[in-house]
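All the letters of the sequence shown, read from the start, carry residue numbers 2 to 710 under my numbering. Here is the structure we will look at, set down as structure tokens.
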Amino acid sequence: MQKLVLTAAISMLALAACNSKEKEPATSGETNSGVSSAQIINADNSSWLSYGRTYDEQRFSPLATVNADNVANLGLAWSYDLDSSRGIEATPIVHDGMMYVTSTYNVVHAMNARTGAPVWTWEPEIDMVQASNACCDIVNRGVALWGDTIFTATIDGRLVALNAKTGDVIWDKLTIDKSKPYTITGAPRVVKGKVIIGNGGAELGVRGYISAYDAETGDMDWRFYTVPGNPEDGFENDTMAMAAETWTGEWWTAGGGGTAWDAMAYDPDLDLLYFGVGNGSPWNQSIRSPDGGDNLFLSSMVAVRPDTGEYVWHYQTTPGETWDYTATQHLMLADLEIDGKTRKVIMQAPKNGFFYVIDRESGEFISANNFVPVNWATHIDEETGRPVEIEAARYYGKEPYLQLPGPLGAHNWHPMSYSQDTGLVYIPAQEAPWVYGDRANYKHTPGTWNTGTDFSYALLPTDRATFKALKSMVKGRLLAWDPVKQEEAWTFEHNGPWNGGILSTGGNLVFQGTADAHFAAYNAKTGDQLWKYFTQSGIGAAPITYELDGVQYVAVASGYGGSFVLGFGAVLPSGSDFNSGRVLVFKLGADGSLPAPLDAAMPEFDLPEPVEISDELLAKGVTAYANSCAVCHGDHAFASGLTPNLRYSGVTADAETWQMVVREGLLAENGMPNFGKVYDAETAEAIRAYVIGEAHSGRDQEFYKTIDE
Ligand code: CA
């Protein structure tokens, strides 16, 4: 009798499953085998099928085998060497017992998800000259999976389809105009058989867009430009004509910017694809669009139809953007109970420091509040949904302004997580101030950073007391945010900024790695730290979890890098000198250990001979260094280890070689841009004099490490 009841219950369930299938979205482009949209929507616990796990990008797994009661027993099951000593930002994708991870220069690694045994790797043969346009390290956030195919987007602008079993190339398409400084760091998403990918390059000067490619053939289906082009060429569509109404001057000459370099989400019921749009090219609005205007769709979230790329709605977080306040940060969908009504919302914590809750059907503003201290706007007006700016923050034609947040953001690309159990959004939040100032005599110079701001105002102070005071303003934390009340639930303060992405689970846990090389688990409700593991290398990437043979695994990729590290990694050290890209996989009861780290102590070097130079020329060298070199070789010519340390370089020591490297592209194949069209020989020598002066300044590793004492 009991058996019969059970059978009846099972057939009822099966019936329910059949019925629910009818409600599933259009299945155009579905494949017969492998991963489909239905699988991504209803993600099973054995896998992690898409960048944000599911199309809503919540990064929440219901798995609870590892939970707040037993997480103290978590140990290393295995690790996999990614053969990298730069930033690793990839979210691993797991399916069918396999794991897929991208490393530096877009090498794709496929491994056994139970053991870490290598299965295949794919080397993309990157065009290093194109790759040298990367603003923020040679990073990549991971692959997409659809059918039996892996999709990866490369730093030199290609979208590539690989056989998931073998790594063999199926197709390889260029998605950019290589005469322009485009790069790609984002993970593709696949929606209804279309592979969606954007790009970056707004620091150097490009026109942003996002494109859809047919997963089977690699043919482009549609392209949505995020900013209007030259009106004389005709607008691509009515949306661009509408956007052009919000621009002034000759914005198209420097590209306009608005690159869609990271966030996407998809709502299958509303059939809307969402993506985030970046900052302006150049940053400085008085140059980009001299008579003001909102400059659509800069710093906006945009909703389009995934079949056609047709515009549906937008919400602009920072109208008339002028601070590199991208809205490319994590977009996350959830259904929230607000004022007694269930609202379908999209949420974002963009660089500008406000947390936004927006109606994802209409784009209507619901609420916003700052999640860190900000001093560029007082609040977001509830009627208009627009920020109420503080006048001094628009720095052009004014005094330089010490601002929170700076261009590194109150939150950058590092993924958040939303727990369906606690109703909280977990944000890798930070406080990273910056001094914005107008760039005197600015002119657009192709091949270099074109921000229209003067980065020499943002160089860190050289006297100990001022440096210490500024450093004390730089912070990083794990922030649990209540999106309904728009207030903090709890925080866990880290040693500094630039910490890793986040995972939350049904085990009442939140996982996050840190810049100072730890991976930890927290009670999702209270923020109590329950477990902590020393990972040797700093972590930026977000963790994932999956279950195979009844064993729950928690995985994260280590490897410290990205824009903060390139610029400030040596003068604001994270606490770990060692840097090795690895996949680290944990399970309960395991007791594996990592290979011993190599001694990272800096070897003794001879300093280059000092150079005699006039104060006027030296000032020229400082400005040039700050605006063109510091973003890769570090504040005060002190590199983090990701790029050559110019203070001790043989190239710096030899004036002739220096000229060949800086002005003739001698090391272009190593990723060093040719500044021959930007700087004359005298300015190049002035940069060298500045670098050598810094080397002799006494502000060495010890100086920066002991600044707090
Ligand atoms: Ca930017």
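Glycine included, each C-beta is placed from N, C-alpha and C at the ideal position. On a predicted model such as this, the values are computed, not experimentally measured, just so you know.
Closer than 7 Å: residue i CB and nearest ligand 1 heavy atom
i           : result
residue 433 : no
residue 204 : yes
residue 327 : yes
residue 413 : no
residue 1   : Shown here, the chain extends from 2 to 710; a query on residue 1 therefore has no answer.
residue 279 : yes
Contact set for residue i: own chain, Cβ-Cβ below 7 Å, skip 5 residues either direction
i           : result
residue 627 : 456, 457 and 460
residue 609 : 653, 654, 693 and 696
residue 647 : 634, 638, 640, 653 and 692
residue 159 : 173, 174, 175 and 176
Alpha-carbon to alpha-carbon, residue j and residue i
i           : j           : result
residue 594 : residue 559 : 15 Å
residue 714 : residue 339 : Residue numbering for the chain in the displayed model covers 2 to 710; residue 714 lies beyond these limits and cannot be assessed.
residue 104 : residue 617 : 44 Å
residue 383 : residue 274 : 26 Å
residue 606 : residue 655 : 15 Å
residue 163 : residue 110 : 12 Å
residue 417 : residue 409 : 16 Å
residue 687 : residue 621 : 7 Å
residue 708 : residue 437 : 24 Å
residue 586 : residue 324 : 38 Å
residue 472 : residue 121 : 44 Å
residue 134 : residue 368 : 37 Å
residue 314 : residue 281 : 20 Å
residue 223 : residue 376 : 40 Å
residue 350 : residue 218 : 36 Å
residue 574 : residue 454 : 26 Å
residue 254 : residue 387 : 28 Å
residue 348 : residue 612 : 53 Å
residue 263 : residue 157 : 16 Å
residue 178 : residue 667 : 24 Å
residue 151 : residue 583 : 20 Å
residue 258 : residue 247 : 14 Å
residue 698 : residue 187 : 39 Å
residue 642 : residue 649 : 12 Å
residue 102 : residue 549 : 18 Å
Whether residue i touches residue j by CB criterion (8 Å)
i           : j           : result
residue 52  : residue 41  : no
residue 451 : residue 330 : no
residue 209 : residue 279 : yes
residue 555 : residue 544 : yes
residue 256 : residue 295 : no
residue 201 : residue 260 : yes
residue 90  : residue 332 : no
residue 561 : residue 590 : no
residue 442 : residue 406 : no
residue 297 : residue 378 : no
residue 206 : residue 283 : yes
residue 114 : residue 547 : yes
residue 290 : residue 327 : no
residue 143 : residue 563 : no
residue 316 : residue 277 : no
residue 61  : residue 357 : no
residue 396 : residue 503 : no
Proximal residues to residue i (C-beta, below 6 Å), its chain only, five neighbours per side dropped
i           : result
residue 476 : 432
residue 704 : none
residue 106 : 127 and 139
residue 22  : Only weak support is given to the placement of residue 22: the predicted model assigns it a pLDDT of 36, under 50, and the value that follows is read from those uncertain coordinates. Around residue 22: no qualifying Cβ.
residue 614 : 690
residue 319 : 300, 326 and 353
residue 440 : 453, 454 and 455
residue 569 : 636
8 Å CB neighbourhood of residue i in its chain, flanking five on each side removed
i           : result
residue 241 : 226, 229 and 230
residue 74  : 589 and 590
residue 469 : 708 and 709
Please specify which runs of the beta strand (DSSP E), each continuous and at least 3 residues long, are wholly inside the stretch 137-208, giving them in chain order. 145-147, 150-154, 159-164, 170-175, 190-192 and 195-198
In chain order, what are the residue ranges of uninterrupted alpha helix (DSSP H) at least 4 long that sit wholly in the stretch 612-668? 616-625, 631-634, 651-654 and 656-665
Kindly provide the ranges of any beta strand (DSSP E) runs that are 3 or more residues long and lie completely inside the stretch 414-492, ordered along the chain. 426-432, 435-437 and 476-483
Can you give, in chain order, each stretch of the beta strand (DSSP E) that sits fully within the stretch 528-610 and has at least 3 residues? 530-535, 545-549, 552-559 and 583-589
Where are the alpha helix (DSSP H) runs, 4 residues long or more, that stay fully inside the stretch 386-414, in chain order? none
Complete beta strand (DSSP E) runs within the stretch 99-123 (minimum length 3 residues, chain order): 99-103, 109-113 and 119-123
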